[in-house]
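Before any comments, here is the structure.
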Amino acid sequence: MTTTTPTQTDIDKANQAFWNEMCGSTFAQYLGITEHTQESLQAFDQGYLGLYPYLLDYIRPQELSGKRVLEIGLGYGTVSQTLIDHGALYTGLDIAEGPVNLVRERLRFQGIEGNVIQGSMLNCPLPDESVDCVISIGCFHHTGNTQRCIDEAYRILKPGGRATIMLYNRFSLRQWLRWPLSTAKAMANDLLIGNYKLTSNTDQKWAYDYNSQGEAAPETEFFSQKQVKALFRQFSSVQCALENIDDYIVQFKPPLIITNNRLKRNKHGNVLPLHLIQRDKALLTWGKTMGLDIYIEAYK
Numbered sequence: 173m174t175t176t177t178p179t180q181t182d183i184d185k186a187n188q189a190f191w192n193e194m195c196g197s198t199f200a201q202y203l204g205i206t207e208h209t210q211e212s213l214q215a216f217d218q219g220y221l222g223l224y225p226y227l228l229d230y231i232r233p234q235e236l237s238g239k240r241v242l243e244i245g246l247g248y249g250t251v252s253q254t255l256i257d258h259g260a261l262y263t264g265l266d267i268a269e270g271p272v273n274l275v276r277e278r279l280r281f282q283g284i285e286g287n288v289i290q291g292s293m294l295n296c297p298l299p300d301e302s303v304d305c306v307i308s309i310g311c312f313h314h315t316g317n318t319q320r321c322i323d324e325a326y327r328i329l330k331p332g333g334r335a336t337i338m339l340y341n342r343f344s345l346r347q348w349l350r351w352p353l354s355t356a357k358a359m360a361n362d363l364l365i366g367n368y369k370l371t372s373n374t375d376q377k378w379a380y381d382y383n384s385q386g387e388a389a390p391e392t393e394f395f396s397q398k399q400v401k402a403l404f405r406q407f408s409s410v411q412c413a414l415e416n417i418d419d420y421i422v423q424f425k426p427p428l429i430i431t432n433n434r435l436k437r438n439k440h441g442n443v444l445p446l447h448l449i450q451r452d453k454a455l456l457t458w459g460k461t462m463g464l465d466i467y468i469e470a471y472k
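With the numbering used here, the residue at position 122 of the sequence shown is 294, and numbering never jumps.
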């Protein structure tokens, strides 16, 4: 049986359909949000920023008042709303109609003018050196050409402008726990080769993003911090930080040993208790060292 490698056009069409269901829709259902009123969107934003308490530290919206900002990958519009509330001269870009319409609706609620475009960052519609800041949280790695997105961000940024980008971490704790062999192989290749593409399978894609029909995102790439530095090589300054972790992880106190998913007793014949670390605490420990996401701050 032969498989056909999808073209960029195929990926774009699949992304347009998949992301029409806004990223964050599952979380909205969890919060009981079934309609888009100003009050319900405020409730979503509060919950979203509680789920990712570090997010505003990277976006730093207070620095962007009066600045021209492009956001790519709009989701449910929490970042959009935050930028608008802080007085940014906002432009939003998304390949799918659903997120574009939702952010436009947010703007209408406040009687604010803004430029929200349905389109692709692979061919960004903005002119050279036209924005002060580019922000994209978890979008570029779904496009099928992350390097092209970064190159376009560089092109449209003014000299000295900032890019704040989030990409998935290939060597997160989730990757090590779920796919240890492929992760170890990828790390060996990363250390020896460095600049190569880390492929992902359907199981990995589904573990990160899926829609209400249970379908995985059409395209997902994962990156090492070494690769990130290569991707952003045009920029004058690049810094990376790890964030985010699963709901909780299990930390085993020695001398407890795990073999074939079974707990062994210690030399005294006692099974030592599992120590559960809740996510808010894990964010400050494991999230900083083996986090799901790489947050990148780069300056032109």
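For glycine and all other residues, C-beta sits at the position ideal for the given N, C-alpha and C.
Asked: Between which two residues does the beta strand (DSSP E) carrying Cys305 extend?; Found: 303-309
Asked: In the region 315-394, which residue ranges form an unbroken beta strand (DSSP E) of at least 3 residues, counting only runs that do not cross its ends?; Found: 329-340
Asked: Give the range of the alpha helix (DSSP H) segment to which Asp229 is assigned.; Found: 227-231
Asked: What would DSSP say about Ser197, mapped onto helix, strand or coil?; Found: helix
Asked: Give the single residue among Lys330, Leu414, Asn416, Gln319 whose Cα lies nearest to the Cα of Ala402.; Found: Gln319
Asked: Taking the alpha-carbon of Asp323 as reference, which of Phe404, His313, Tyr467, His208 has the nearest alpha-carbon?; Found: Phe404
Asked: Nearest to Ile183 by alpha carbon, out of Val400, Trp458, Glu393?; Found: Glu393
Asked: If we ignore side chains and look at the alpha-carbon of each, how far apart do His208 and Ile307 end up?; Found: 24 Å
Asked: I need the boundaries of the alpha helix (DSSP H) containing Gln214, first residue and last residue.; Found: 210-223
Asked: Helix, strand or coil for Gly264, going by three-state DSSP, please let me know.; Found: strand
Asked: Can you tell me where the alpha helix (DSSP H) with Glu269 in it begins and where it stops?; Found: 269-282
Asked: Could you tell me which residues DSSP puts in a beta bridge with Ser292?; Found: According to DSSP, Ser292 bridges with nothing at all.
Asked: Which residues mark the beginning and the end of the beta strand (DSSP E) in which Leu242 is found?; Found: 240-244
Asked: Can you grab the Cα-Cα spacing for the pair Pro489 / Lys453, in whole Å?; Found: In the structure as shown, the chain starts at 173 and stops at 472, and residue 489 therefore has no counterpart that could be examined.
Asked: Hey, how far is the Cα of Phe199 from the Cα of Ile365?; Found: 39 Å
Asked: From Gly441 to Gln397, what distance separates their C-alpha atoms?; Found: In this predicted model, Gly441 has a pLDDT of only 42, less than 50, meaning its place in the structure is not dependable enough to derive any value.
Asked: Assuming Asp182 is part of the alpha helix (DSSP H), what are its boundary residues?; Found: 180-190
Asked: Taking the Cβ atom as the reference point for each residue, do Cys504 and Ile337 lie within a distance shorter than 8 Å?; Found: There is no way to answer for residue 504, as the model of the chain reaches only from 173 to 472.
Asked: Could you check where the alpha helix (DSSP H) with Gln253 kicks off and where it finishes?; Found: 250-257
Asked: Less than 8 Å between the CB atoms is what I'm expecting for Arg346 and Leu464, so what's the real figure, rounded?; Found: 6 Å
Asked: Once you ignore the five residues that flank Cys195 on each side, which residues in its own chain have a CB closer than 8 Å to its CB?; Found: Gly245, Gly247, Tyr248, Pro271, Gly310, Asp381
Asked: Suppose contacts are defined by Cβ-Cβ distances below 8 Å. Is Val303 in contact with Arg232 by that definition?; Found: no
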